[in-house]
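I have placed the structure first, in the form of C-alpha cells, so that the comments after it can refer back to it.
Residue numbers (my numbering): 1227 to 1658.
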C-alpha cells in the first residue's frame, strides 16, 4: 500500500510514518521544513518531498494529513480529484492501533513524560511494547517510535475532537485544563470526550483534581487512592514515599520535580492495578531518563547551565521554574519563553505572567503561531504585566548579557530550540 503523509516531519506524523514503513508499506511524505527528523526519515528509507506539489501523491492509496495542512493544499486538492482517501493524523493513528492492546496517556500536561515512563517500566518488566512518543527518547529504536509486540503505549492527543475514539484498554488522565477548548463545540463536549475515554477503559487512572472523571482510580497529593506522602530531594533525584490501596511504598525517581513525581505515581497506579509485580515496577524508576526537551541540560560548565524544555502551558512553566530553583539552588534562573499559539496566549496570558514571575529574570519572545489563524495578540502583554524583557526578534536573545552562576532556560513548543542551539554555540567560546 502506498501511503503519503502531509506534514511528515511532525513528531506524531513521523512516528506513524515509520510504523507503516516497517510494516512494509510504500511510505512517502511532504514537509517544507528540513529538520533532523526529516533527515532521519530519509535515512531509514522514507522519501520526503520539500514542496507540496500535486505530483507528489501519484499512485498513492491513502493520504494522511496533519491539522496544520489547509484544505487549499495542492496535494489535498489532487487527492480529492482522484478520490484518494484522506485521513487526519488522529484518524490514522486510531486505525493503526486497532490490533493492539492499548495503553493510552492523555491530559493537558505531562503526556510525553508519562508515556515514556510507562514504556520504560514495561521494558524493565520484560515486556515488548510498541511505542508512539511525542518526543525522542534513547530507549526507543527509532527515537520517537518502537516496534514491539501486541501491546502499545501511546499519547492520546486531546487537542482535537474524536480523541475518545482511541478507546484504550488502559488509560491515564494526567490533568484536564481546557487547553484546546476552542477546537470543541463547548465545555461539555470537551469534558464528554474525557468521560467517554475513561468509561470505556478496563482500567482508568485519573488525577484526583479531575473532578468530572468518575469510575477511576485516582492519584495525587490528597484525597486519592494513590497518594504522595513525602519527597526527599537528592539533587537531581528524589526519594518518594507513597500510599497505595495495598500498603505504603518507597521508591527512587531518577528525575526532579513534583510534577514528575506525580507522573510516576500515575504509572505506578496503573501498573499496580494491572497486576504487575509491585517492587519490580517501583525499582524501574531508579534509572529512568526524561525524553528530549524535558528539562534537558544541553550545556553545563562550572559557571553556566542551559536547559531546553518543551513547557508551553502555565502549569508546565510554573513546574519548570520551581524544579530549576530546586535543582540549581543558589543560581539565578533566567527563562527565555516563546509563547505557543495566539489562542492560548489570549486565553491565559495572566496565568502565564504569574508563572513566569517566579523566575529571577524573564525574557519573552513573540508568539509562535503553529499555523494558527485566530485573532493575533502580542506576547508583550505578559512582559508589561510582570516587568519582563520583551524580545520581538527572538534572535536578539543572543545579545543578552551572559553572567556566571546563572541558568538559562529556553522554553516553548515552537522553534525556540534553534535560538538555544546558537546561544550554546556562542557561550561555548566565551570566557565568563
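Think of the CB as a built atom: it goes at the ideal place given N, C-alpha and C, for glycine as much as any other residue.
Residue 1618 burial status per 10 Å Cβ neighbour count (16 or more: buried): exposed
Residues that residue 1443 bridges to, as DSSP identifies them: 1431
Closest Cα partner of residue 1366 within the set 1515, 1574 and 1646: 1515
Bridge partner(s) assigned by DSSP for residue 1405: DSSP output for residue 1405 lists no bridge partner at all.
Beta-carbon proximity of residue 1562 to residue 1487, cut-off 8 Å: no
Distance between residue 1478 and residue 1585 (C-alpha atoms, nearest Å): 28 Å
Straight-line Cα distance separating residue 1232 from residue 1381: 20 Å
Same chain only: Cβ atoms within 8 Å of residue 1598, ignoring 5 sequence neighbours per side: 1567, 1568 and 1569
Same chain, Cβ closer than 8 Å to residue 1658, neighbours up to 5 away in sequence not counted: The pLDDT assigned to residue 1658 is 49, lower than 50, so where the model puts this residue is not dependable, and the model offers no usable value.
DSSP three-state assignment for residue 1346, whether helix, strand or coil: helix
Element boundaries [beta strand (DSSP E), containing residue 1637]: 1632-1637
Selection from 1339, 1405, 1458 and 1358 that minimises the alpha carbon distance to residue 1237: 1358
Residue 1484 vs residue 1445 beta-carbon contact at 8 Å: no
Residue 1424 beta carbon less than 8 Å from that of residue 1439: yes
Whole-Å CB distance - residue 1332 paired with residue 1399, under 8 Å assumed: 6 Å
Residue 1352, DSSP secondary structure in three states: coil
Buried or exposed by the 16-neighbour rule on C-beta atoms within 10 Å, applied to residue 1403: buried
Length of the line joining the Cα atoms of residue 1595 and residue 1538: 12 Å
CB of residue 1428 within 8 Å of CB of residue 1395, strictly: yes
Cut-off 8 Å between Cβ atoms - residues of its own chain near residue 1547, not counting five sequence neighbours on either side: 1559, 1561, 1581, 1582, 1584, 1585 and 1635
Coil, strand or helix - residue 1500 by DSSP: helix
Where residue 1640 falls, given that 16 or more other Cβ within 10 Å makes a residue buried: buried
Inter-residue CB distance, residue 1362 and residue 1235 (contact presumed, cutoff 8 Å): Their Cβ separation, rounded to whole angstroms, is 13 Å, which puts residue 1362 and residue 1235 out of contact at 8 Å.
Spatial distance of residue 1284 from residue 1482 (CA atoms): 49 Å
Buried versus exposed, by CB contacts within 10 Å (16 or more), residue 1414: exposed
Selected residue, minimal CA-CA separation from residue 1471, among 1278, 1498 and 1536: 1498
Stretch pair the stretch 1308-1327 + the stretch 1386-1394: three plus CB contacts closer than 8 Å: yes
Cα-Cα separation, residue 1443 to residue 1576: 33 Å
Three or more C-beta pairs below 8 Å linking the stretch 1302-1309 and the stretch 1242-1261: no
Backbone secondary structure at residue 1658 - three-state DSSP: For residue 1658, the predicted structure reports a pLDDT of 49, less than 50, and the residue's modelled location is therefore unreliable. The matter cannot be settled from this model.
Beta-bridge pairing of residue 1469 - partner residues as DSSP gives them: 1453 and 1474
Those runs of the alpha helix (DSSP H) which lie wholly inside the stretch 1238-1325 and span at least 4 residues: 1262-1269, 1300-1307 and 1315-1323
Same chain, Cβ closer than 7 Å to residue 1339, neighbours up to 5 away in sequence not counted: 1486, 1489, 1516, 1517 and 1520
Which residues DSSP lists as bridging residue 1587, in chain order: 1560
Simplified DSSP state of residue 1400, which is helix, strand or coil: coil
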